[in-house]
Amino acid sequence: MEPSSGQNGSALLEQVKKSTPPPFLLKTYMLVEDPQTDEVISWNADGSGFVVWQPTEFARDLLPTLFKHSNFSSFVRQLNTYGFHKVTTARWEFRNGMFLKGKKELLCEIRRRKACANRQDRDRRRDHQTSSDNINAGADEDRRSSSSESSLSEYSNLVDENESLKKENGALSFELSSMKRRCKELLDLASKYAIRNNHSNSTLTITGNNNRHGDGSNITEEEAIGDVVRKEEKGLKLFGVRLADGDLYGTRKRM
1261 MEPSSGQNGS
1271 ALLEQVKKST
1281 PPPFLLKTYM
1291 LVEDPQTDEV
1301 ISWNADGSGF
1311 VVWQPTEFAR
1321 DLLPTLFKHS
1331 NFSSFVRQLN
1341 TYGFHKVTTA
1351 RWEFRNGMFL
1361 KGKKELLCEI
1371 RRRKACANRQ
1381 DRDRRRDHQT
1391 SSDNINAGAD
1401 EDRRSSSSES
1411 SLSEYSNLVD
1421 ENESLKKENG
1431 ALSFELSSMK
1441 RRCKELLDLA
1451 SKYAIRNNHS
1461 NSTLTITGNN
1471 NRHGDGSNIT
1481 EEEAIGDVVR
1491 KEEKGLKLFG
1501 VRLADGDLYG
1511 TRKRM
């Protein structure tokens, strides 16, 4: 049975993948081969590996040009996924049996380890989740800050309103005290006027009573005062003070 066209296409695609080195390896090989970057990254003495001589400059100046990031640790993790290992702790030297000077065609033999690839995917997802959590946390912080500012503004408004009410209450209290004082002065004035008027009426009444007794007898002072009091009980009052009948119209009765 002859293979179907679909199977032929899959086999061809797989063959193309095997004959084409991964982009990461090609870019790394280009950096190591470039003589202009030898002060930063270059082959080791025998060409069996490469050395990153200046990691800071490498991350700052070279990584962004080919790998779109400037994270040296991420670059090292990528090397690990393709089977590279660090040779010595004294410097950043990495080796892979198929990554050799002058043997670029061997790059097709380097395969990415699946376990490492899965772990890298998990790391990316974790980093993405961490970034999302940080964004959400920032949004929550902004909402809390906005709520706090709103509460502070409301508190300030309440304080201002309370101060305004205190001032208004003080003005009303002063006005009430002033009105009470004026009312008392009016009552005192009316009381003095009534007492003076009553004294004058009493004197006139006593004199008139003495003149009415034609038999020459004299009425006592107590009887005269009692007669005046009885008459005044029929008069009107102003602010609780009794006035004579004539005072209601501004005149006094003549005896």
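Those letters in the sequence shown? Residues 1261 to 1515, per my numbering, in order. Heads up, the beta-carbon is just placed ideally off N, CA and C, and yes, glycines get one too. Note that this is a predicted model, so its numbers are computed, not measured.
Check                                                                                                                                                                     : Outcome
With a cut-off of 8 Å, do at least 3 Cβ pairs link the stretch 1296-1309 to the stretch 1352-1359?                                                                        : yes
Thinking ARG1372 and PRO1281 are a contact (beta carbons under 8 Å), I'd like their distance in whole angstroms, please.                                                  : Not a contact, Cβ separation roughly 11 Å.
Could you give the C-beta distance for LEU1291 and LEU1322, rounded to a whole number, given that I count them as a contact under 8 Å?                                    : 6 Å
Touching or not, the stretch 1341-1350 and the stretch 1312-1329, by the rule of three or more beta carbon pairs under 8 Å?                                               : no
According to the Cβ coordinates, are VAL1300 and GLN1314 closer than 8 Å?                                                                                                 : yes
In three-state terms, what does DSSP make of GLY1476?                                                                                                                     : Residue placement at GLY1476 is flagged as unreliable, the pLDDT there being 48, under the threshold of 50; the coordinate-derived value follows with that caveat. If DSSP states are grouped into helix, strand and coil, GLY1476 belongs with coil.
Helix, strand or coil: which one does DSSP assign to SER1410?                                                                                                             : helix
Just the Cα atoms here: how many angstroms apart are ASP1298 and VAL1312?                                                                                                 : 9 Å
Have a look at SER1408 and GLU1421 and give me their C-alpha separation to the nearest angstrom.                                                                          : 20 Å
Return helix, strand or coil for HIS1459, following the three-state DSSP convention.                                                                                      : helix
For the alpha helix (DSSP H) holding GLU1293, just list the boundary residues, first then last.                                                                           : 1283-1293
Can the beta-carbon of PHE1327 be found less than 8 Å from the beta-carbon of LYS1287?                                                                                    : yes
Quick one: is ALA1431 buried, meaning 16 or more other Cβ sit within 10 Å of its Cβ, or exposed?                                                                          : exposed
If you draw a straight line from the alpha carbon of ASN1458 to that of GLU1445, how long is it in whole angstroms?                                                       : 20 Å
Is it buried or exposed for TYR1415, if we count other Cβ within 10 angstroms and need 16 for buried?                                                                     : exposed
Enumerate in chain order the residues of its own chain whose CB-to-CB distance from LEU1285 is below 8 Å, with the five nearest sequence positions on each side excluded. : TYR1342, PHE1359, LEU1367 and ILE1370
Which of the three DSSP states is assigned to THR1280 in this structure?                                                                                                  : coil
If I measure Cβ to Cβ from LYS1361 and keep anything under 7 Å in the same chain, skipping five residues before and after, which residues do I get?                       : TRP1303 and GLY1307
Alpha helix (DSSP H) containing ARG1337: first to last residue?                                                                                                           : 1332-1341
Decide if LEU1339 is buried, meaning its Cβ has at least 16 other Cβ atoms within 10 Å, or exposed.                                                                       : buried
Roughly how many angstroms separate the alpha carbons of LYS1426 and SER1437, rounded to a whole number?                                                                  : 16 Å
Expressed to the nearest angstrom, what Euclidean distance is found between the alpha-carbon atoms of TYR1289 and LYS1374?                                                : 22 Å
With DSSP as the reference, identify every bridge partner of ALA1310, one or two as the case may be.                                                                      : Checking the displayed sequence, the identity of residue 1310 turns out to be Phe instead of Ala. Looking at the DSSP assignment, PHE1310 forms a beta bridge with TRP1303 and PHE1354.
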